[in-house]
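Colleague:
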Amino acid sequence: MPTAIDSQRRKHFQEEGYLIIRRLISGSDLLDLDLMIDRLLDGELKPVTAYEGWLPDHFYTFWEPEMKDRTELPRRDRIRLMSNMYHHHPYFKAIGGHAAIYDVISSLYQAGVQMLSDSMFMKPAHHGIEAALHQDTAFWPKLEPNAMNFWLAIDSATVENGCLHVIPASHTIDLPHHDHPIQGHILHDHDVDIANQIPIELEPGDAIFFNSGLAHRSYPNPSDRSRRAYAAVYGAENLRHVEPWKSSTIAEKTPDYRFELIEPPTSAS
Ligand SMILES: O=C(O)CCC(=O)C(=O)O
Numbered sequence: 001m002p003t004a005i006d007s008q009r010r011k012h013f014q015e016e017g018y019l020i021i022r023r024l025i026s027g028s029d030l031l032d033l034d035l036m037i038d039r040l041l042d043g044e045l046k047p048v049t050a051y052e053g054w055l056p057d058h059f060y061t062f063w064e065p066e067m068k069d070r071t072e073l074p075r076r077d078r079i080r081l082m083s084n085m086y087h088h089h090p091y092f093k094a095i096g097g098h099a100a101i102y103d104v105i106s107s108l109y110q111a112g113v114q115m116l117s118d119s120m121f122m123k124p125a126h127h128g129i130e131a132a133l134h135q136d137t138a139f140w141p142k143l144e145p146n147a148m149n150f151w152l153a154i155d156s157a158t159v160e161n162g163c164l165h166v167i168p169a170s171h172t173i174d175l176p177h178h179d180h181p182i183q184g185h186i187l188h189d190h191d192v193d194i195a196n197q198i199p200i201e202l203e204p205g206d207a208i209f210f211n212s213g214l215a216h217r218s219y220p221n222p223s224d225r226s227r228r229a230y231a232a233v234y235g236a237e238n239l240r241h242v243e244p245w246k247s248s249t250i251a252e253k254t255p256d257y258r259f260e261l262i263e264p265p266t267s268a269s
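Below, the structure is given as structure tokens:
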């Protein structure tokens, strides 16, 4: 059944810049994704589909600082981020275009949906690093309407293990960011109305959809529970490139991935 986004929820998304949907993904779909994410982290899954002739020998991987060579630790405990599975693996292509996700986004945009990229955000127990405060709009040229972020909890995401925090209604202005050697582009607390910041605690299968201009962050994970999330950036079918497109990556050279129209799932309304 498509997730119904009524006018009240759409208004909340427009005004506050985000929408939480509980139990968006459940049952065997969630179990399979959980398993595939661990296979990804363990280095078992390899890219199998080329993107514009580019077939990398591994998925884009951002190691936790100083963890790459600590091979005495499990691989899954040393990785912060893996990306672009959608473009290089049929399982993730299907997940990125999952009807439950597609329905919410097309309902919020009132349009068809495009995919830019997907990522797996990992925050290993005891040492997962922070994601500094930022707006994702700082990472790519101006789009109209803004892109949309999707973030799905695979493990429970709580204040203790480094859940997302957002600043409601911060999506209406593109704030100037500061360059950062690890995180790319960041905001300082005094750049925003930090008193408004709220934690987004989610159970496995719960998701938050947010305007890419929404200021957000996650704190380090000192707890003994890992915090894995599957995330992606989508755009409206009718998005306009206000500035010439160029994607920005900070860890490895990758092709210039572009928005790609998603085939509407058969159950999409
Ligand atoms: O999951 C995290 O820790 C950070 C996620 C994030 O920055 C994003 O989804 O843009």
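My numbering applies: residue 1 is where the sequence shown begins, and numbers increase by one.
Every residue gets a Cβ at the ideal spot worked out from N, C-alpha and C, and that includes glycine.
#1: What do you reckon, is the C-beta of residue 162 under 8 Å from a heavy atom of ligand 1?
#2: Can you tell me which of the three DSSP states residue 268 falls into?
#3: Can you tell me whether residue 153 is helix, strand or coil according to DSSP?
#4: How about residue 147 and residue 239: do their beta carbons lie closer than 9 Å?
#5: Go through its chain and collect everything with a Cβ distance to residue 92's Cβ below 7 Å, but skip five positions before and after it.
#6: Near residue 180, what residues of its chain come up, given a Cβ to Cβ distance below 6 Å and the 5 sequence neighbours on each side ignored?
#7: To the nearest angstrom, how far is it from the Cα of residue 5 to the Cα of residue 11?
#8: Quick test of the definition: if touching needs 3 or more C-beta pairs under 8 Å, does the segment 118 to 128 touch the segment 45 to 55?
#9: For residue 29, I'd like the list of residues in its chain whose CB is within less than 6 Å of its CB, leaving aside the five on either flank, ordered along the chain.
#10: Could you check where the beta strand (DSSP E) with residue 118 kicks off and where it finishes?
#11: In chain order, what are the residue ranges of uninterrupted beta strand (DSSP E) at least 3 long that sit wholly in the segment 10 to 78?
#12: Going by the DSSP bridge assignment, what does residue 259 pair with across the sheet?
#13: Scan the segment 188 to 254 and note each continuous beta strand (DSSP E) run of 3 residues or more that stays entirely inside, going in chain order.
#14: How big is the Cα-Cα spacing for residue 39 and residue 120?
#15: Using beta-carbon positions only, say whether residue 136 and residue 228 come within less than 9 Å of one another.
Modeller: Inspection of the coordinates gives the following:
#1: yes
#2: Because the pLDDT of residue 268 is 47, which lies under 50, any placement of that residue in the model is unreliable, and the question is left without a value.
#3: strand
#4: yes
#5: 85, 86, 118
#6: 186
#7: 10 Å
#8: no
#9: none
#10: 113 to 123
#11: 18 to 21, 60 to 63
#12: Answer is none; residue 259 lacks a bridge partner.
#13: 198 to 200, 207 to 211, 216 to 218, 227 to 236
#14: 12 Å
#15: no
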